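Asker: First the structure, then my questions, so here it is.
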Amino acid sequence: MATRDLYTKTPEAPVWGIPATGSARFDWEYADGRDRLLALYQKGKDKQWDGAKRIDWELEVDPYDPLGTPDEAMTVYGSRHWAGMTEKDKGEMRRHYASWQFSQFLHGEQGAMICAARIVESVPDLDAKFYSATQTMDEARHAEIYGRFLHEKIGMLYPINDSLQGLLGDTLRDSRWDMPYLGMQVLIEGLALAAFGMIRDTTDKPLPRQILVYVMQDEARHVAFGRMALRDYYRQLSDAELREREEFVIEGCYLMRDRLRGIEVLENFGIPRKEAEELSERSEFLHLFRKLLFSRIVPCVKDIGLWGERLQKAYLDMGVFDLGDSNLDLLMSQDEEIAERLDQERFAAEEKERVAEVAAAIEHGAQT
1097 MATRDLYTKT
1107 PEAPVWGIPA
1117 TGSARFDWEY
1127 ADGRDRLLAL
1137 YQKGKDKQWD
1147 GAKRIDWELE
1157 VDPYDPLGTP
1167 DEAMTVYGSR
1177 HWAGMTEKDK
1187 GEMRRHYASW
1197 QFSQFLHGEQ
1207 GAMICAARIV
1217 ESVPDLDAKF
1227 YSATQTMDEA
1237 RHAEIYGRFL
1247 HEKIGMLYPI
1257 NDSLQGLLGD
1267 TLRDSRWDMP
1277 YLGMQVLIEG
1287 LALAAFGMIR
1297 DTTDKPLPRQ
1307 ILVYVMQDEA
1317 RHVAFGRMAL
1327 RDYYRQLSDA
1337 ELREREEFVI
1347 EGCYLMRDRL
1357 RGIEVLENFG
1367 IPRKEAEELS
1377 ERSEFLHLFR
1387 KLLFSRIVPC
1397 VKDIGLWGER
1407 LQKAYLDMGV
1417 FDLGDSNLDL
1427 LMSQDEEIAE
1437 RLDQERFAAE
1447 EKERVAEVAA
1457 AIEHGAQT
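Right, dumping it as structure tokens:
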């Protein structure tokens, strides 16, 4: 079935065109490069995988409870709307929320693929071009996987959120080569990683957990790449240039915090937008989720050297300033370890099944 037939609301245009600016840059130095970035490039090559084979697509998914979402996590929980819902209605709302979340993941991954391709084109250093090429493939794989999950397991998609589309457009329209790093690798993917991690660590459903675990293993490398490239570059910038980038970060963070709330889902259930926004503001779960969304961004922003007074005040206002001291390296290493552990567990289970099959065959042969 075509994707357009699964959208809750048909996108305004089948193709979104963004006028490109900036220069394509060639680097004629082929024998030089930063050792740590070349090592990351090697790791990017070594860790390529096939989503059609590594993910167990035979696992069943209940589209009306795809993530095992508890009642308390639903924005309308405790409201008059929730009280009037049947179990069927609640299941349909869970389906819509999962569709909305994974649709934004899907659209964000396509954006990440395009930004990574833009980095290949515009970044001046060949070692960064090499790594960005591996990331472009990673993001294509992620988009493929999220798209398949939505088509085959949920059967519903949401259009890209207006604010996510706006931030993505601003990132790609900027002619400065470092902006795709900052807008995508730090802000959009930082928010996505936190959302991935929250679902990964709370869901009891094996297929979506597999998807998120393996995607996050890739993203750990992407964040490391963005930190290396921007930290090196931002040391060279003037105070005025750094302030411009801090303003971009502040606007992007407020935009994502205030707009990525799934209001579209509530509107599809007949709840007026103003009331939907009020319900979102009262949701304790959403307040916690909002704070956790910045757990990957704030320490990364601080690490790359964007930590001016205005930016710090903005993070104090958002209640996330203390996240600046989080150990980002530890978080990323944990992402990789969780994926490796899942592979080991799956391999051990498959090996046990094979041993049992062989033993059963031997026993059957001995009896005949």
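In our numbering, the protein residues as written are 1097 to 1464.
We put the beta carbon where it would ideally sit given N, CA and C, even for glycine.
Quick caveat, the model's predicted, so the values are computed rather than measured.
1) Which value, in whole angstroms, describes the spacing of the CA atoms of L1276 and E1183?
2) At what residues does the alpha helix (DSSP H) containing E1304 begin and finish?
3) Residues bridged to L1253 by DSSP?
4) May I ask which residues mark the beginning and end of the alpha helix (DSSP H) holding D1158?
5) Among M1233, L1419, E1337, whose alpha-carbon lies nearest the alpha-carbon of V1394?
6) Kindly give me the distance between the Cβ atoms of Y1310 and T1104, rounded to whole angstroms, as I take these residues to be in contact under 8 Å.
7) Under the rule that 16 or more other beta-carbon atoms within 10 Å means buried, what is W1112, buried or exposed?
8) Between the region 1204–1219 and the region 1260–1270, are three or more C-beta pairs nearer than 8 Å?
9) Runs of 4 residues minimum, wholly inside the region 1167–1218: which ones carry the alpha helix (DSSP H) assignment?
10) Pick out whichever of Q1138, H1247, M1252, V1216 has its Cα sitting closest to the Cα of N1364.
11) Determine whether the Cβ of Q1440 lies closer than 8 Å to any Cβ atom of chain C.
12) What is the C-beta distance between Y1330 and Y1227, in whole angstroms, given that I count them as a contact (C-beta under 8 Å)?
13) Measuring CA to CA, which of E1446, D1421, M1312, F1122 is closest to I1434?
14) Hey, out of D1142, Q1408, A1372, R1386, whose CA is closest to R1339's CA?
15) Alpha carbon to alpha carbon, what distance is there between E1188 and D1297?
16) Since E1377 is in the alpha helix (DSSP H), which residue starts that stretch and which ends it?
17) On the DSSP letters alone, give me the boundaries of the alpha helix (DSSP H) that P1395 sits inside.
18) For L1389, collect the residues of the same chain with a Cβ closer than 6 Å to its Cβ; drop the 5 residues on either side in sequence, then sort them by chain order.
19) In angstroms, rounded to a whole number, what distance separates the CA positions of A1444 and A1455?
20) When burial is assigned at 16 or more other CB atoms within 10 Å of the CB, is E1342 buried or exposed?
Answerer: Concretely, from the data shown:
1) Reading off the sequence, residue 1276 comes out as Pro, not Leu. Whole-angstrom Cα-Cα distance: 44 Å.
2) What sits at residue 1304 in the sequence shown is Pro, not Glu. Here the alpha helix (DSSP H) through P1304 covers 1302–1330.
3) When DSSP reads this structure, L1253 sits in a beta bridge with Y1103.
4) Segment: none, D1158 is in no alpha helix (DSSP H) and carries neither H nor E.
5) Nearest neighbour of V1394 by Cα position, chosen from M1233, L1419, E1337, turns out to be L1419.
6) Cβ atoms of Y1310 and T1104 stay farther apart than 8 Å, at about 27 Å.
7) So W1112 ends up on the exposed side.
8) Contact between the region 1204–1219 and the region 1260–1270 is present, with at least three C-beta pairs closer than 8 Å.
9) The alpha helix (DSSP H) runs of length 4 or more contained entirely in the region 1167–1218 are, from start to end of the chain, 1176–1179, 1183–1218.
10) Nearest C-alpha to N1364: M1252.
11) Absent from the structure: chain C. Only one protein chain is present.
12) About 18 Å separates the two Cβ atoms, so there is no contact after all.
13) Between I1434 and the set E1446, D1421, M1312, F1122, the nearest pair of CA atoms involves M1312.
14) Comparing Cα-Cα distances from R1339 to each of D1142, Q1408, A1372, R1386, the minimum goes to Q1408.
15) C-alpha separation (whole angstroms): 23 Å.
16) Its alpha helix (DSSP H) spans residues 1369–1378.
17) Per DSSP, P1395 belongs to the alpha helix (DSSP H) from 1393–1399.
18) So the list reads L1287, A1290, once near-sequence residues are dropped.
19) One C-alpha to the other measures close to 16 Å.
20) Counting C-beta atoms within 10 angstroms of its own C-beta, E1342 has 16 or more neighbours from the protein chains shown and is therefore classed as buried.
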